[in-house]
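Before any comments, here is the structure.
Number of protein chains: 2
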Amino acid sequence: MNPEKKTQRQPTAVRKAQIKEAVLSIIFSQGLDQLSTRNLAKAVGISEGTIFRHYASKRDILLDILEDVKSGLLKDMAAIVQKEIPAQERLEQLFCKHISYLLENKGITILLFAEVAHLNDAELKSGLNDILNTQIQYIQNIIEDGISAGIWTDKFSLDDIGTLYLGMPVMMNIRITLSQEEAAPLNFCKRMLPLFEKILKK
Amino acid sequence: MNPEKKTQRQPTAVRKAQIKEAVLSIIFSQGLDQLSTRNLAKAVGISEGTIFRHYASKRDILLDILEDVKSGLLKDMAAIVQKEIPAQERLEQLFCKHISYLLENKGITILLFAEVAHLNDAELKSGLNDILNTQIQYIQNIIEDGISAGIWTDKFSLDDIGTLYLGMPVMMNIRITLSQEEAAPLNFCKRMLPLFEKILKK
DNA sequence: ATTGTTAGCAAGTGATTACTTACATAATAT
DNA sequence: ATATTATGTAAGTAATCACTTGCTAACAAT
């Protein structure tokens, strides 16, 4: 009658993926303080104890998600930076990839900022620092190329430009989290890019 | 020998101010998850029960801090918007006031973002939404004046410019929280302003 | 077939949380 | 002086947290 009543036994790789997905889903739709191991287990459809078969601690789950960002988003961004196309096109691809990744993984930014806020965990903190610095480094690489190619100005600090850049995806997340509208900023990347490019123009 | 050993009885207005100050201090220097009523009481130097003499709940303390932002920062910003000086000067004053307020109240931004992250409280959430929208409104007012005066371009959406603007203070806070360096961004306002103004130029 | 390993659950664990209760004393009003 | 109110504390409370324990059954290797 109900073939899905009993939990199916699954290999740890599958369960880990389910757990990480449930973490992001709970954070985005219910908020961080609903992310208890109890709720997490219920969302995956397993018992609380089973979570600890696959992860040694709740913290380990978050660290694993950070690794996914590094091997997912950051790898994609690195590939764009190294493309043999004009700096302007790379900038657009980089920014739009960045934005679409955040929209597809809506809990990620909140999770990262929660760690900024709680900040008592040195390893999580430095993991986040790595991610932000790597992203800034990628934009700076592209901008340096644009300056060398003579299309962009060199009168601003690359660090400040990086700060301004990162503010855009961060603000997008804050606003969709506050409004909880999923659909709105689909064209966010195309809308914001002209503003950012104007700063770079000679 | 030790005249400060026993806690002095204080009027509720004084205690409320001490409690709010301790909240921001704990958040900035120890992180959000150290903000328990136990730690809070210890920081103020009173017993845990006394906190609940002055505030009905922990949540009420946070709501009171939100009110302080409204009657402090937002009032100051409103006064700047209404000044009879060129839009360019008002923009600089508004932005630098915004930045210095955040540097003087270092726990504020983390507290606000924690609420974005936890977001299960409708009243806190809408209080934060009010603050962000008011700030965006103020910049938009100044920019509209600059456009009317013919010094700035009207080719970008005011909403998008507002998003870009707010990203700057937000990123500043993220970076000082991650690096925990207090001194660094004293000139943040003066450094970032030229980048932002370039977008507005005709 | 036997054995070892992996994935599962129910029912705990102690620690911590925000908050309450009962009672005491200081300040104020009458 | 006396009564009232405001501020204080110590010692609770029930609920929740991340995590553990003891046991079972599914699966894989030999």
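Chains A and B supply the protein sequences, listed in that same order. This note's numbering puts the first residue of the first sequence at 1150, with every later residue one more than the last. This note's numbering puts the first residue of the second sequence at 1150, with every later residue one more than the last. For each residue, glycine too, the CB sits at the ideal point set by N, CA and C.
Pull up the CB-CB distance for TYR1250 (chain B) and LEU1281 (chain B), whole angstroms please, since I reckon it's below 8 Å. With 8 Å as the limit, TYR1250 (chain B) and LEU1281 (chain B) do not qualify as a contact, their Cβ atoms being about 14 Å apart.
Please list, in chain order, all residues of the same chain as ALA1298 (chain B) whose beta carbon is under 7 Å from its beta carbon, the five residues on each side excluded. Contacts found: ALA1236.
If you check the beta carbons only, do ILE1210 (chain A) and TYR1204 (chain A) fall under 8 Å apart? Less than 8 Å divides the Cβ of ILE1210 (chain A) from the Cβ of TYR1204 (chain A).
ALA1263 (chain B) versus THR1186 (chain B) - alpha carbon distance: Cα to Cα, the separation comes out at about 17 Å.
Runs of alpha helix (DSSP H) lying entirely within the region 1182-1219 of chain A, each at least 4 residues, in chain order: Counting whole runs of 4 or more residues, the region 1182-1219 of chain A contains the alpha helix (DSSP H) stretches 1186-1193, 1197-1203, 1207-1218.
Check LYS1350 (chain B) in the structure and name its three-state DSSP category. Three-state result, LYS1350 (chain B): strand.
So, using beta-carbon positions, are GLY1256 (chain B) and ILE1323 (chain B) closer together than 8 Å? No; because the gap between Cβ atoms is not below 8 Å, this pair is not in contact.
Is it true that the CB of ILE1248 (chain A) sits closer than 8 Å to the CB of MET1321 (chain A)? Contact: yes.
What are the boundary residues of the alpha helix (DSSP H) that includes ARG1164 (chain A)? Run containing ARG1164 (chain A): 1161-1179, per the alpha helix (DSSP H) assignment.
So ASN1278 (chain B) is in the alpha helix (DSSP H); what residue range does that whole segment cover? From DSSP, the alpha helix (DSSP H) with ASN1278 (chain B) extends over 1271-1297.
Contact under 8 Å by Cβ, LEU1313 (chain A) with MET1341 (chain B): With a cutoff of 8 Å on beta-carbon distance, LEU1313 (chain A) and MET1341 (chain B) are scored as near each other.
Since LEU1277 (chain A) meets chain B, which of its residues come closer than 8 Å, beta carbon to beta carbon? By Cβ distance, chain B contributes LEU1327.
Any idea if ARG1208 (chain A) is buried or exposed, counting beta-carbon neighbours within 10 angstroms, 16 or more meaning buried? Label assigned to ARG1208 (chain A): exposed.
What residues of chain B sit near ASN1269 (chain A), judged by a beta carbon separation below 8 Å? Chain order gives the chain B residues near ASN1269 (chain A) as GLN1179, GLY1180, ASP1182, GLN1183, where near means a beta carbon separation below 8 Å.
Which residue from B:LEU1349, B:VAL1193, B:SER1206, B:PHE1201 puts its Cα closest to that of LYS1304 (chain B)? Nearest in C-alpha terms to LYS1304 (chain B), of all of B:LEU1349, B:VAL1193, B:SER1206, B:PHE1201, is B:LEU1349.
With distance defined between alpha-carbon atoms, name the residue in A:CYS1338, A:ASN1188, A:ASP1213, A:SER1306 nearest to ALA1162 (chain A). With distances taken between Cα atoms, ALA1162 (chain A) lies closest to A:ASP1213.
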